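Report on the structure given below.
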Amino acid sequence: MGFGAYIADRLVPLVVGAVALAFAALVMTVYGLDAAATAFVCGVLVLAAAVALLLDWLHRRAFYQKLSDVLDSLDETYLATELVGRPGFLEGELFYDALDRESKAMRDRIAAARRRSREYREYVETWVHEIKTPIAAARLIAKNNPSPVVDSIDAEVDAIEGYVEQALYYSRGTSLERDFQIREVDLGEVVRDALRHKARTLIGARVVPELGSLDFTVHADPKWLAFVIGQVLVNAAKYQGEKDGGGRVRIWAEREETGLDAWVTRLAIADDGVGIPAADVGRVFDKGFTGENGRRFARSTGMGLYLVRELCAKMGVDVWLESEEGVGTTVCLDFPDMVERA
Amino acid sequence: MRRLLVVEDDARLRDELCVLLERNGYEAVALTSFEDTAGQILAAAPDLVLLDLNLPGVDGQFVCREVRRRSEVPIVVVTSRDNDMDELLTLSLGADDFVPKPYNDQVLLAHVATVLKRSYGEGAAAAEISHGGVALDTARCRVSFQGRTAELTKNELRILALLMRNAGAVVSRQRIQEELWASDEFVDDNTLTVNVSHLRSTLAKIGVEDYVLTKRGMGYLVE
Numbered sequence: 088m089g090f091g092a093y094i095a096d097r098l099v100p101l102v103v104g105a106v107a108l109a110f111a112a113l114v115m116t117v118y119g120l121d122a123a124a125t126a127f128v129c130g131v132l133v134l135a136a137a138v139a140l141l142l143d144w145l146h147r148r149a150f151y152q153k154l155s156d157v158l159d160s161l162d163e164t165y166l167a168t169e170l171v172g173r174p175g176f177l178e179g180e181l182f183y184d185a186l187d188r189e190s191k192a193m194r195d196r197i198a199a200a201r202r203r204s205r206e207y208r209e210y211v212e213t214w215v216h217e218i219k220t221p222i223a224a225a226r227l228i229a230k231n232n233p234s235p236v237v238d239s240i241d242a243e244v245d246a247i248e249g250y251v252e253q254a255l256y257y258s259r260g261t262s263l264e265r266d267f268q269i270r271e272v273d274l275g276e277v278v279r280d281a282l283r284h285k286a287r288t289l290i291g292a293r294v295v296p297e298l299g300s301l302d303f304t305v306h307a308d309p310k311w312l313a314f315v316i317g318q319v320l321v322n323a324a325k326y327q328g329e330k331d332g333g334g335r336v337r338i339w340a341e342r343e344e345t346g347l348d349a350w351v352t353r354l355a356i357a358d359d360g361v362g363i364p365a366a367d368v369g370r371v372f373d374k375g376f377t378g379e380n381g382r383r384f385a386r387s388t389g390m391g392l393y394l395v396r397e398l399c400a401k402m403g404v405d406v407w408l409e410s411e412e413g414v415g416t417t418v419c420l421d422f423p424d425m426v427e428r429a
Numbered sequence: 002m003r004r005l006l007v008v009e010d011d012a013r014l015r016d017e018l019c020v021l022l023e024r025n026g027y028e029a030v031a032l033t034s035f036e037d038t039a040g041q042i043l044a045a046a047p048d049l050v051l052l053d054l055n056l057p058g059v060d061g062q063f064v065c066r067e068v069r070r071r072s073e074v075p076i077v078v079v080t081s082r083d084n085d086m087d088e089l090l091t092l093s094l095g096a097d098d099f100v101p102k103p104y105n106d107q108v109l110l111a112h113v114a115t116v117l118k119r120s121y122g123e124g125a126a127a128a129e130i131s132h133g134g135v136a137l138d139t140a141r142c143r144v145s146f147q148g149r150t151a152e153l154t155k156n157e158l159r160i161l162a163l164l165m166r167n168a169g170a171v172v173s174r175q176r177i178q179e180e181l182w183a184s185d186e187f188v189d190d191n192t193l194t195v196n197v198s199h200l201r202s203t204l205a206k207i208g209v210e211d212y213v214l215t216k217r218g219m220g221y222l223v224e
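Right, here's the structure in full:
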């Protein structure tokens with residue numbers, strides 16, 4: 088709040104004061120007071136007004152300056168009244184009280200929304216855990232009684248399990264809480280874990296992995312990472328297309344220097360499926376994006392790669408892909424090196 | 002034969018687990034009530050306990066600790082709670098292993114076999130499977146028939162064991178592939194065909210003919 092703006096805001100009382108002062112000077116002159124005395128009285132009055140205005144301006148400025156500084160420094164600006172004291176002038180107090188009431192209402196709402204979202208998430212977690220028992224039972228029944236019909240039901244149960252898993256990771260990945268644990272994991276182990284987990288889907292689509300060197304350790308949450316790799320593998324199976332002899336998905340890792348003492352460990356998963364149309368490549372990680380392949384091939388929800396990107400972002404892993412129609416898609420996960428290694 | 006105790010409140014899952022374990026050469030018993038679960042487990046004195054953590058009325062982790070306090074019996078925890086904290090907590094309570102639900106049957110069996118071996122020594126998990134005069138020694142990778150014995154590769158052993166356990170039912174090629182993948186042998190369709198034909202010629206060497214039958218378009222069958 089500049090002094091000029093402050094004065095401009097008080098233009099009406101100032102003009103009224105100036106007119107009153109001029110009138111008083113006129114009266115004094117008419118009554119025969121000598122010019123020096125009149126000038127002196129007017130001078131004192133003008134000076135007094137100026138000092139009063141200046142002090143008032145400084146006082147107000149301190150409050151507004153503090154408020155704007157606090158607002159600039161806070162991420163959650165609705166907390167500002169907690170950090171700025173109540174000012175000592177009437178308008179400021181009225182303004183402060185109104186702001187405080189508003190932000191309290193806002194904080195209450197946010198707390199309620201947070202609680203609801205946490206409760207919902209806890210419900211999803213519980214639900215997912217509950218449903219795992221009937222799924223496990225159904226799968227055991229299928230394994231204990233093999234027959235072509237039961238096998239195809241088992242494949243459907245497998246798909247259900249996949250969607251349930253997606254729901255669990257959606258609720259985990261979009262949650263405000265940070266409930267994953269980054270630690271050192273053996274890349275080969277996680278990849279094999281994901282392959283075993285998605286065996287049914289891959290075998291059903293006649294896709295077989297070819298494992299290259301996976302002799303690296305990276306920093307990630309092992310369960311999240313296995314889920315991410317699983318989603319990429321499921322895509323390799325889904326978008327395999329029709330071809331004789333089945334498909335291959337090559338999985339390998341390599342270390343690459345990206346700068347001075349900066350390395351990434353890259354996990355690459357390359358399928359030889361239908362590939363992604365060039366127009367769609369940039370959007371496949373978007374939520375709900377299904378694209379041309381999603382329409383042409385089996386049930387696409389547009390959630391798989393979205394979750395892959397979200398979970399990777401939370402773990403600090405860079406995920407990207409290259410694709411050529413009719414040739415295949417290569418998905419790469421870049422793990423930054425957090426520890427110095429010679 | 003090793004005696005396994007299944008502690009699981011879901012009746013359907015419990016029955017199927019027992020069937021699975023019995024087919025794989027174990028004796029399976031199960032608890033049907035969960036009053037004084039720890040006491041019942043100790044009274045049953047099994048060789049291994051398969052323990053579900055979510056039991057009605059009792060905390061599985063409490064049961065685990067109680068059993069461990071009074072006995073060294075191996076405990077494999079099976080649970081649908083699959084976060085790291087639960088896993089750590091369970092193992093710190095004295096469980097020997099942790100398998101998250103919904104488990105792959107082969108993965109579960111592998112965990113059980115590993116824990117048995119660790120607790121009772123090599124060969125403890127060895128289950129002899131026999132059907133139609135053919136006997137399979139899964140610990141030594143050997144098959145015998147009328148006094149003649151032949152060595153099998155790991156894949157051949159797994160294929161034959163799966164077919165013999167499901168004797169009388171057609172087992173699809175996919176199902177066999179899944180079984181091999183569960184132990185990190187990511188074989189394709191062609192490799193499976195080669196494995197089966199090797200298996201047949203090995204069986205022929207010890208005088209077993211037409212044991213593994215092909216059902217065109219469906220899979221394989223041991224009658």
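Chains as they are written, first to last, in this note's numbering: chain C, 88 to 429; chain G, 2 to 224.
Positions of the beta carbon are idealized from the N, C-alpha and C atoms, including for glycine.
Keep in mind that this is a model prediction, so the values were computed, not measured.
The DSSP-derived three-state label of V138 (chain C) is helix. G26 (chain G) and S93 (chain G) have their alpha carbons spaced roughly 30 Å apart.
For G61 (chain G), the enclosing alpha helix (DSSP H) stretches over residues G61 to R71. DSSP places F314 (chain C) within a helical segment (H, G or I) once states are collapsed to three. Counting only residues of its own chain and dropping the five nearest sequence neighbours on each side, E271 (chain C) has a CB closer than 8 Å to the CB of T304, V305 and H306. Per DSSP, the continuous alpha helix (DSSP H) segment holding G91 (chain C) begins and ends at F90 to D96.
Chain-order list of chain G residues neighbouring I222 (chain C): P103, by C-beta distance under 7 Å.
Using beta-carbon distances, D190 (chain G) counts as an interface residue toward chain C, with a partner under 8 Å. Of all residues in the stretch 86 to 117 of chain G, only K102, P103, Y104, N105, D106 and V108 place a beta-carbon less than 8 Å from a beta-carbon of chain C. Within the stretch 136 to 169 of chain G, N167 place their CB atoms closer than 8 Å to a CB of chain C, listed in sequence order. By the Cβ criterion, the stretch 132 to 143 of chain G is not in contact with the stretch 104 to 112 of chain G, since fewer than three pairs of Cβ atoms, one from each stretch, lie closer than 8 Å. Cβ-Cβ distances below 7 Å link Q62 (chain G) to L54, L90, T91 and L94 in the same chain, with the five nearest sequence neighbours on each side left out; the list follows chain order.
Across the structure, A96 (chain G) and P75 (chain G) are spaced so that their CA atoms are roughly 7 Å apart. Spanning the alpha carbons of F376 (chain C) and D190 (chain G) requires a straight line of approximately 34 Å. Residue pairing from DSSP places S410 (chain C) in a beta bridge opposite C:T416.
The continuous alpha helix (DSSP H) containing K191 (chain C) extends over residues L177 to N231. Counted as a single uninterrupted DSSP element, the beta strand (DSSP E) harbouring D53 (chain G) occupies residues L49 to D53.
By the rule that beta-carbons nearer than 8 Å mark a contact, L227 (chain C) touches chain G. By the criterion of at least three beta-carbon pairs nearer than 8 Å, the stretch 125 to 135 of chain C is in contact with the stretch 107 to 114 of chain C.
As the crow flies, the alpha-carbon of T203 (chain G) is around 36 Å from that of A323 (chain C).
Residue range I76 to T80 is occupied by the beta strand (DSSP E) that includes V79 (chain G). DSSP, read as helix, strand or coil, puts Y221 (chain G) in strand.
The stretch 318 to 338 of chain C and the stretch 276 to 287 of chain C touch, with three or more beta-carbon pairs separated by less than 8 Å. Within the same chain, V157 come within 6 Å of L170 (chain C) by CB-CB distance, once the 5 residues on both sides are set aside. Around E248 (chain C), the beta-carbon contacts reaching into chain G at under 7 Å are P103. Shown here is that no member of the stretch 28 to 57 of chain G has a Cβ falling below 7 Å from a Cβ of chain C. R279, L282, R283, A286, R287, I290 and G291: these are the residues of the stretch 273 to 292 of chain C whose beta carbon lies less than 7 Å from some beta carbon of chain G, given in chain order. The stretch 11 to 27 of chain G makes contact with the stretch 222 to 231 of chain C: 3 or more CB pairs, one atom from each, lie closer than 8 Å. Between K230 (chain C) and chain G, the shortest Cβ-Cβ separation is below 8 Å. Within a 10 Å sphere around the beta-carbon of A162 (chain G) sit 16 or more other beta-carbons, which makes this residue buried. The C-alpha of S72 (chain G) is placed about 58 Å away from the C-alpha of A192 (chain C). In the three-state reduction of the DSSP assignment, I356 (chain C) falls in the strand class.
For D241 (chain C), no beta strand (DSSP E) segment is defined; the enclosing uninterrupted segment is the alpha helix (DSSP H) at P235 to G260.
Contact with chain C is absent for V8 (chain G), since none of that chain's Cβ atoms lies less than 8 Å from the residue's Cβ. In the structure shown, P364 (chain C) falls within a coil segment according to DSSP collapsed to helix, strand and coil.
Sequence-distant partners of L398 (chain C) (beyond 5 residues in either direction) whose C-beta falls short of 6 Å from its own C-beta, in its chain, are G260, W311 and V315.
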